[in-house]
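Colleague: Here you go, one structure.
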Amino acid sequence: MTQNTEQFQNKVAFVTGAASGIGLAITKQLLDNGAVVIGADVNEDRLKELDKELGSSFTAEKLDVTKESEHEKVISNIVNEHGKIDFAFNVAGAQKAGTITDLSLDDWNFTVDLVLNGVFLGMKHQAKQMKQQEHGGSIVNISSLNAHVPMYTGSAYASAKAGVEMLTKNGALELARHNINVNAILPGLVNTPLVDDFKSGEIHEAFMERIPMKRPAEPEEVANPAIFLVSEGASYINGASLLVDGAWAVSGYPDLSRWF
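If you want it as structure tokens, here you go:
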């Protein structure tokens, strides 16, 4: 993204999953464009490092996105300090994988709680604040290519990400009248620690055969369109699902059962 240090001057942004990967890339780009950013994550040690690294426009908040009371506390802290929330990015996510017949209910619940319920709770309390603001706000949820394309051993993750996409659309339907835009980014394979198992060997080659652009995205390449969706240039985009996948959706997954 071309750096424009005035684009988001006086804007307040909230990012979950801000300690690494896509969340950190979004955080850095918002800061580069002049926003004040509150970055939340469950990784307190990394947050403390970022608090020192990213400067005075960044504030770290510890947040377990599966806990409603923690969402309420963080939003209250932001409003008490800054008086508003202009943009919110719900990025936090992970999974515990397994085939349907082997996956435990605890692992299913872990994934759905983090990936889907965490976004629901974030949207709920972000939008409550935005509804009180005359100017409304913008929310971007990170869904996944897996909202459309199934993944072997990923039934919980794919189902939860599909839920995030529909939750986004329902949010747009309910919140547009309050001047709040809600959109989703659906990344494909992204070069983050969450996909370390796919970065080498035959499994990597199988993925590259399926991705027409022949490489994973860098986190910044997902952050770019996420930032665009809260910009003035996206003011009439609402309820959209934007695939950011190097054209992967047109070809589908390799047969991952060979490795599991």
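Take the position in the sequence shown, starting the count at 1, then add 4; the result is the number in the working numbering. In this text, a Cβ means the ideal position worked out from N, Cα and C, and glycines have one as well.
1. Kindly indicate which three-state DSSP category M5 falls into: helix, strand or coil?
2. Measuring alpha carbon to alpha carbon, tell me which residue in A29, V41, F91 and K77 is nearest T196.
3. At what residues does the alpha helix (DSSP H) containing E259 begin and finish?
4. Give the DSSP-derived three-state secondary structure of L34 in the structure shown.
5. List the whole-angstrom C-beta distance separating G175 from M127, where the pair is believed to meet the contact cut-off of C-beta under 8 Å.
6. Using a threshold of 7 Å, is the CB atom of D249 nearer than that to any non-hydrogen atom of the ligand ZN?
7. Given D249, which residues of its chain have a CB within under 8 Å of its CB, disregarding the five upstream and five downstream residues?
8. Identify the continuous alpha helix (DSSP H) that holds F12 and give its terminal residues.
9. Opposite I184 in the DSSP bridges: which residues?
10. On the DSSP letters alone, give me the boundaries of the beta strand (DSSP E) that E65 sits inside.
11. Enumerate in chain order the residues of its own chain whose CB-to-CB distance from N121 is below 7 Å, with the five nearest sequence positions on each side excluded.
12. With a Cβ-Cβ cutoff of 8 Å, do A151 and V116 count as a contact?
13. Out of E85, V40, R262 and G25, which one is the CA nearest neighbour of E209?
14. Just curious, the alpha helix (DSSP H) that S80 is in, first and last residue?
15. How would you label T172, buried or exposed, when you count the other beta carbons within 10 angstroms and need 16 or more for buried?
16. Can you tell me which of K66, G141, Q137 and E48 puts its alpha carbon nearest to the alpha carbon of A92?
17. State whether the segment 104-112 contacts the segment 39-53, with contact taken as three or more CB pairs (one from each stretch) at a distance under 8 Å.
18. Can you pull the DSSP bridge partners for I189?
19. Buried or exposed: where does T63 fall if 16 or more other Cβ atoms within 10 Å of its Cβ makes it buried?
20. Measuring only the C-alpha atoms, how far is H129 from G87?
21. Taking 8 Å as the threshold (C-beta atoms), are N187 and G243 in contact?
22. Comparing alpha-carbon positions, which option in L198, E213, A180 and L51 lies nearest A253?
23. Less than 8 Å separating the beta-carbons of V123 and N94?
24. Looking at the structure shown, is P223 part of a helix, part of a strand, or coil, going by DSSP?
25. Mind checking which residues open and close the beta strand (DSSP E) that includes I42?
26. How big is the Cα-Cα spacing for T6 and K15?
Modeller: This is what the structure holds:
1. As a first step, residue 5 must be located in the sequence shown, where it is residue number 1. Interpretation of M5 is limited by its pLDDT of 45, a score under 50 that renders its predicted location unreliable; the figure taken from the coordinates is listed afterwards. It is coil, neither helix nor strand.
2. As a first step, residue 196 is located in the sequence shown; it is residue number 192 there, counting from the start. Nearest option by C-alpha distance: A29.
3. In the sequence shown, the residue the question calls residue 259 occupies position 255. The sequence given here has Asp at residue 259, not Glu. It is not in any alpha helix (DSSP H) - D259 carries neither H nor E in the DSSP assignment.
4. Translated into positions along the sequence shown, residue 34 becomes position 30. Looking at L34 - three-state DSSP - the assignment turns out to be helix.
5. Position 171 of the sequence shown, counted from the start, is the residue given in the question as residue 175. Position 123 of the sequence shown, counted from the start, is the residue given in the question as residue 127. Sure, about 6 Å apart at Cβ, within 8 Å.
6. Ligands displayed in this structure: none; no statement on the ligand ZN is therefore possible.
7. Numbered from its first residue, the sequence shown carries residue 249 at position 245. Sequence-distant partners of D249 (beyond 5 residues in either direction) whose C-beta falls short of 8 Å from its own C-beta, in its chain, are L149, L190, P191, G192, L193, I215 and A221.
8. Taking the first residue of the sequence shown as 1, we reach residue 12 at position 8. Looking at the DSSP string, F12 is not in any alpha helix (DSSP H), and its letter there is neither H nor E.
9. To locate residue 184, count along the sequence shown from 1; it is residue 180. Bridge partners of I184: G141.
10. For this step, residue 65 is matched to residue 61 along the sequence shown. Taken as a continuous stretch (DSSP letters only), the beta strand (DSSP E) holding E65 covers F62 to K66.
11. By one-based count along the sequence shown, residue 121 stands at place 117. Listed in chain order, the non-local C-beta contacts of N121 below 7 Å within the same chain comprise T70, local neighbours out to five positions each way being set aside.
12. Position 147 of the sequence shown, counting from 1, holds the residue named residue 151. Position 112 of the sequence shown, counting from 1, holds the residue named residue 116. No. Outside cutoff.
13. For this step, residue 209 is matched to residue 205 along the sequence shown. Selected option, being the one with the closest Cα: R262.
14. Your numbering for residue 80 matches position 76 in the sequence shown. Note, S80: alpha helix (DSSP H), E72 to H86.
15. Within the sequence shown, the letter at position 168 stands for residue 172. T172 comes out buried.
16. The residue labelled residue 92 in the question sits at position 88 within the sequence shown. When only C-alpha atoms are compared, the closest one is G141.
17. no
18. Here residue 189 refers to the residue found at position 185 when the sequence shown is read from its first residue. Answer by DSSP bridge pairing, in chain order: I146 and L246.
19. Indexing the sequence shown from 1 puts residue 63 at position 59. So T63 counts as buried.
20. Position 125 of the sequence shown, counted from the first residue, corresponds to residue 129. Position 83 of the sequence shown, counted from the first residue, corresponds to residue 87. Near 15 Å, if we compare the C-alpha coordinates of G87 and H129.
21. For this step, residue 243 is matched to residue 239 along the sequence shown. For this step, residue 187 is matched to residue 183 along the sequence shown. With respect to the 8 Å criterion, G243 and N187 are classified as neighbours on the basis of their beta carbons.
22. In the sequence shown, counting from the first residue as 1, residue 253 sits at position 249. With distances taken between Cα atoms, A253 lies closest to E213.
23. What you label residue 123 is simply residue 119 of the sequence shown in a count that begins at 1. What you label residue 94 is simply residue 90 of the sequence shown in a count that begins at 1. In this structure, N94 lies closer than 8 Å to V123 by Cβ.
24. Counting from 1 along the sequence shown, the entry for residue 223 is found at position 219. Helix at P223.
25. Position 38 of the sequence shown, counted from the first residue, corresponds to residue 42. Where I42 is concerned, the enclosing beta strand (DSSP E) stretches over V40 to D45.
26. Residue 6 sits at position 2 when you count from the first residue of the sequence shown. Residue 15 sits at position 11 when you count from the first residue of the sequence shown. Residue placement at T6 cannot be trusted, given a pLDDT of 46 that sits under 50; the coordinates are not used to answer.
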